[in-house]
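Undergrad:
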DNA sequence: CTATGGCACGGATT
DNA sequence: AATCCGTGCCATAG
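Residue numbers (our numbering): 3 to 471.
(1) Roughly how many whole angstroms lie between the Cα atoms of residue 438 and residue 415?
(2) Looking at C-alpha atoms only, which residue of 150, 17, 140 and 453 is the closest neighbour of residue 429?
(3) Quick check on the burial criterion: 16 or more other C-beta atoms within 10 angstroms. Buried or exposed for residue 200?
(4) Would you mind giving the Cβ-Cβ distance between residue 307 and residue 46, rounded to the nearest angstrom? I have them listed as a contact below 8 Å.
(5) Let me confirm a value: residue 326 is counted as buried when at least 16 other C-beta atoms fall within 10 Å, else exposed. Which label applies?
(6) Reducing DSSP to helix, strand and coil, say where residue 19 ends up.
(7) How long is the line joining the alpha carbons of residue 334 and residue 123, rounded to whole angstroms?
(8) Using the Cβ count rule (16 or more neighbours within 10 Å means buried), how would you classify residue 105?
(9) Which residues in the same chain have their Cβ closer than 7 Å to the Cβ of residue 174, if we skip the five residues on either side of it in sequence?
(10) What separation, rounded to the nearest whole angstrom, lies between the Cα atoms of residue 1 and residue 37?
(11) For the region 338–355 and the region 377–394, state whether three or more C-beta atom pairs, one from each stretch, are separated by less than 8 Å.
(12) Report the three-state DSSP secondary structure of residue 202 (helix, strand or coil).
(13) Do the region 122–141 and the region 151–162 meet, that is, are 3 or more Cβ pairs less than 8 Å apart?
(14) Expressed to the nearest angstrom, what Euclidean distance is found between the alpha-carbon atoms of residue 289 and residue 219?
(15) Should residue 16 go down as buried or exposed, given a rule of 16 or more other Cβ atoms within 10 Å for buried?
(16) Rounded to the nearest angstrom, what separates residue 262 and residue 296 at their Cα positions?
(17) Can you give the Cα-Cα distance for residue 443 and residue 417, rounded to whole angstroms?
(18) Does the distance from the CB of residue 404 to the CB of residue 389 come in under 8 Å?
(19) How many whole angstroms separate the CB atoms of residue 427 and residue 464, which I take to be in contact at a CB cut-off of 8 Å?
(20) Residue range of the alpha helix (DSSP H) that residue 354 falls in?
(21) Going by the beta-carbon positions, is the gap between residue 365 and residue 354 smaller than 8 Å?
(22) Which residues in the same chain as residue 449 place their Cβ atom closer than 6 Å to its Cβ, once the five residues preceding and following it in sequence are excluded?
(23) Mind checking which residues open and close the alpha helix (DSSP H) that includes residue 49?
(24) So, residue 2 versus residue 243, is the Cβ gap smaller than 8 Å?
(25) So, helix, strand or coil for residue 291, using DSSP?
(26) So what does residue 400 bridge to, in DSSP terms?
(27) Is the CB-CB distance between residue 305 and residue 392 below 8 Å?
(28) Assign residue 145 to one of two classes, buried (16 or more other C-beta atoms within 10 Å of its C-beta) or exposed (fewer than that).
(29) Of all the alpha helix (DSSP H) runs that stay within the bounds of the region 164–209, which reach a length of 4 or more residues?
(30) Sorted by chain position, which residues of the same chain lie with C-beta nearer than 7 Å to residue 223's C-beta, five sequence neighbours on each side aside?
(31) By the 10 Å Cβ neighbour count, where 16 or more other Cβ atoms means buried, how is residue 76 classified, buried or exposed?
(32) Pull the bridge partners of residue 300 from the DSSP assignment, please.
(33) Check for me: the alpha helix (DSSP H) holding residue 41 runs from which residue to which?
(34) Hey, residue 152 and residue 250: beta-carbon distance below 8 Å or not?
(35) Looking at residue 429 and the ligand MN, is the gap between the Cβ and the nearest heavy atom below 7 Å?
Spelled out as structure tokens, the structure:
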């Protein structure tokens with residue numbers, strides 16, 4: 003079990019296997035902790051300093067050229083480029099691209115929402131302001147909206163309302179963006195302000211939210227088009243922008259209906275473990291997938307330590323040998339982990355390219371089991387790798403990796419579209435029939451379930467036919 | 001009588 | 001082995 007001769011890349015010992023398994027299921031954050039503790043307790047491990055690509059400025063693995071820049075230039079590479087990217091500070095894409103409106107990215111396991119927000123803005127506040135902010139943040143609901151009037155806070159602390167507003171502004175700029183707003187409308191506007199600083203926004207977006215929020219929330223697009231005297235198409239584009247980039251309930255993950263859906267576990271995602279983007283930000287180019295290694299540099303067995311062992315005292319030799327053993331095992335497991343995730347993501351990206359580029363409707367229902375046979379690993383390996391991880395899509399959305407394996411997401415999406423476009427309120431049975439016409443065979447009962455999942459009301463309670471046509 | 005939601009069962013997934 | 005999900009049956013509301 004404990005031989006010193008080199009091993010191939012395959013897992014050989016049970017220890018190796020077990021540790022790989024464990025590492026596989028860790029998120030980037032957890033992995034960092036693990037590595038740090040290993041690094042601290044084992045002198046045989048060392049951290050090699052980082053290298054950056056001179057042209058694209060990405061962090062590089064210790065050997066070899068930049069996977070992005072040096073990748074084949076031919077246009078017809080179908081295959082996504084996947085590589086492991088060591089970076090200590092992986093705050094999304096650093097605000098470079100359109101990642102502006104990530105879903106929840108605070109970790110529920112570590113902090114609650116108030117703490118999470120306060121920590122972000124604490125440095126901008128003095129002591130008294132901090133107290134007010136803390137009080138402010140304890141009065142948020144599950145959606146991240148403020149439950150009491152601003153004036154009440156002002157009275158409570160005997161400060162002018164403007165002071166509270168000022169603090170609110172700062173809170174709204176923290177993640178999840180728009181948190182601490184008084185209403186969904188305000189949250190949207192706050193997010194819009196933020197977005198506007200880095201990106202162009204459709205001209206109508208602001209006016210729609212400001213003036214016709216009620217129409218917007220009821221999806222009455224025809225009315226909107228009339229109100230603003232523009233084409234329905236323009237409205238659709240603007241609304242698409244809004245739904246894709248803004249979120250009326252900052253602490254909730256997606257925007258269903260304005261209705262209070264009774265049970266909607268406020269999904270919380272961790273920070274992304276994997277980043278996806280297009281090469282040169284060009285959607286026709288292959289996908290670039292970075293698997294985050296939460297480290298500034300690369301881990302390896304310290305060669306000095308390895309050679310020093312020969313000159314060590316006899317009594318220390320055993321300890322050192324043990325350290326060396328553990329270090330090399332750890333590194334190998336890490337490689338194994340990254341290798342597995344790399345292969346997994348490569349396959350997933352190839353399969354789900356349509357989903358990644360074009361939206362939820364195009365998600366193929368793939369099961370973990372299917373992928374496991376394709377990759378020649380055990381099902382549980384995939385399960386572990388997929389669980390608890392988050393992926394940032396090229397458009398900036400952060401979704402659980404597990405969503406790639408959602409069996410019903412595409413059907414739900416089509417269902418939403420059907421209801422969106424319906425002339426009159428369709429019953430579940432009718433929807434079921436329409437769906438099967440489009441190739442989705444779902445029972446009537448299941449339609450009802452999907453509806454509920456999406457927070458859509460039953461037919462008789464839905465909009466009584468807006469004057470389309 | 002029709003449309004839905006609740007409960008529960010069986011098969012698939014993890 | 002435990003859990004999740006789609007579905008059928010039945011009660012209930014409209």
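Backbone N, C-alpha and C fix where the C-beta goes; we use that ideal spot for every residue, glycine too.
Predicted, not measured: the structure shown is a model, and the values here were computed from it.
TA: Answer, in terms of the structure:
(1) Residue 438 sits at position 436 when you count from the first residue of the first chain. Residue 415 sits at position 413 when you count from the first residue of the first chain. In this model, residue 438 and residue 415 are separated by some 14 Å (Cα to Cα).
(2) Counting from 1 along the first chain, the entry for residue 429 is found at position 427. The shortest Cα separation from residue 429 among 150, 17, 140 and 453 belongs to 453.
(3) To locate residue 200, count along the first chain from 1; it is residue 198. Flag for residue 200 reads exposed.
(4) Stepping through the first chain from its first residue, residue 307 is reached at position 305. Stepping through the first chain from its first residue, residue 46 is reached at position 44. Contact holds; Cβ gap of about 5 Å.
(5) Position 324 of the first chain, counted from the start, is the residue given in the question as residue 326. Under this definition residue 326 is a buried residue.
(6) To locate residue 19, count along the first chain from 1; it is residue 17. Reduced to three states, the DSSP call for residue 19 is helix.
(7) Residue 334 sits at position 332 when you count from the first residue of the first chain. Residue 123 sits at position 121 when you count from the first residue of the first chain. Rounded to the nearest angstrom, the two C-alpha atoms are 40 Å apart.
(8) Here residue 105 is taken as the residue at index 103 of the first chain, counted from 1. Note that residue 105 has pLDDT 35, beneath the 50 cutoff, so the model's placement of it is unreliable and no number is given.
(9) Taking the first chain and counting its residues from 1, the one referred to as residue 174 is at position 172. Around residue 174: 180, 181, 182, 183 and 192.
(10) Coverage of the chain is limited to positions 3 through 471, which leaves residue 1 absent and any answer about it impossible.
(11) Touching, per the Cβ criterion.
(12) Within the first chain, the letter at position 200 stands for residue 202. It is coil, neither helix nor strand.
(13) With the cut-off at 8 Å, the region 122–141 and the region 151–162 touch.
(14) In the first chain, the residue the question calls residue 289 occupies position 287. In the first chain, the residue the question calls residue 219 occupies position 217. Within the model, the alpha-carbon separation for residue 289 versus residue 219 is close to 34 Å.
(15) Taking the first chain and counting its residues from 1, one reaches residue 16 at position 14. Residue 16 is exposed by the Cβ-count criterion.
(16) Residue 262 sits at position 260 when you count from the first residue of the first chain. Residue 296 sits at position 294 when you count from the first residue of the first chain. Reliability fails at residue 262, whose pLDDT of 29 lies under 50, so the model's placement of it is uncertain and no value is given.
(17) For the purposes of this step, residue 443 is identified with residue 441 of the first chain, where counting begins at 1. For the purposes of this step, residue 417 is identified with residue 415 of the first chain, where counting begins at 1. Looking at the two C-alpha atoms, the distance is approximately 12 Å.
(18) By one-based count along the first chain, residue 404 stands at place 402. By one-based count along the first chain, residue 389 stands at place 387. Yes, they are a contact pair.
(19) Counting from 1 along the first chain, the entry for residue 427 is found at position 425. Counting from 1 along the first chain, the entry for residue 464 is found at position 462. 5 Å between Cβ atoms; contact.
(20) For the purposes of this step, residue 354 is taken as residue 352 along the first chain, with counting starting at 1. No alpha helix (DSSP H) holds residue 354; DSSP gives it neither H nor E.
(21) As a first step, residue 365 is located in the first chain; it is residue number 363 there, counting from the start. As a first step, residue 354 is located in the first chain; it is residue number 352 there, counting from the start. The answer is yes: Cβ separation under 8 Å.
(22) Position 447 of the first chain holds residue 449. Correct list, in chain order: 430, 433 and 434.
(23) Along the first chain, one-based indexing puts residue 49 at 47. Looking at the DSSP string, residue 49 is not in any alpha helix (DSSP H); the run it does join, the beta strand (DSSP E), is 47–50.
(24) Because the chain in this structure spans residues 3 to 471, residue 2 falls outside the shown range and cannot be described.
(25) Along the first chain, read from residue 1 onward, the residue named residue 291 stands at position 289. Looking at residue 291 - three-state DSSP - the assignment turns out to be strand.
(26) Walking along the first chain from the start, residue 400 turns up at place 398. Residue 400 is bridged to 394.
(27) As a working mapping, residue 305 is identified with position 303 in the first chain. As a working mapping, residue 392 is identified with position 390 in the first chain. Their beta carbons are not under 8 Å apart, which means residue 305 does not touch residue 392 by this criterion.
(28) For the purposes of this step, residue 145 is taken as residue 143 along the first chain, with counting starting at 1. Classification of residue 145: buried, given that the 10 Å Cβ count is 16 or more.
(29) 186–198
(30) Residue 223 sits at position 221 when you count from the first residue of the first chain. Correct list, in chain order: 234, 237, 238 and 241.
(31) Within the first chain, numbered from 1, the residue matching residue 76 stands at position 74. Because the pLDDT of residue 76 is 44, which lies under 50, any placement of that residue in the model is unreliable, and the number read from its coordinates should be weighed accordingly. In the assembly as shown, residue 76 is an exposed residue. Its beta-carbon has fewer than 16 other beta-carbons within 10 Å.
(32) What you label residue 300 is simply residue 298 of the first chain in a count that begins at 1. Paired residues: 50.
(33) Within the first chain, residue 41 is the residue found at index 39, counting from 1. It spans 30–43 - the alpha helix (DSSP H) in which residue 41 sits, taken as one unbroken run.
(34) Numbered from its first residue, the first chain carries residue 152 at position 150. Numbered from its first residue, the first chain carries residue 250 at position 248. Contact flag unset, no.
(35) In the structure shown, the ligand MN is absent, as is every other ligand, since no ligand is present at all.
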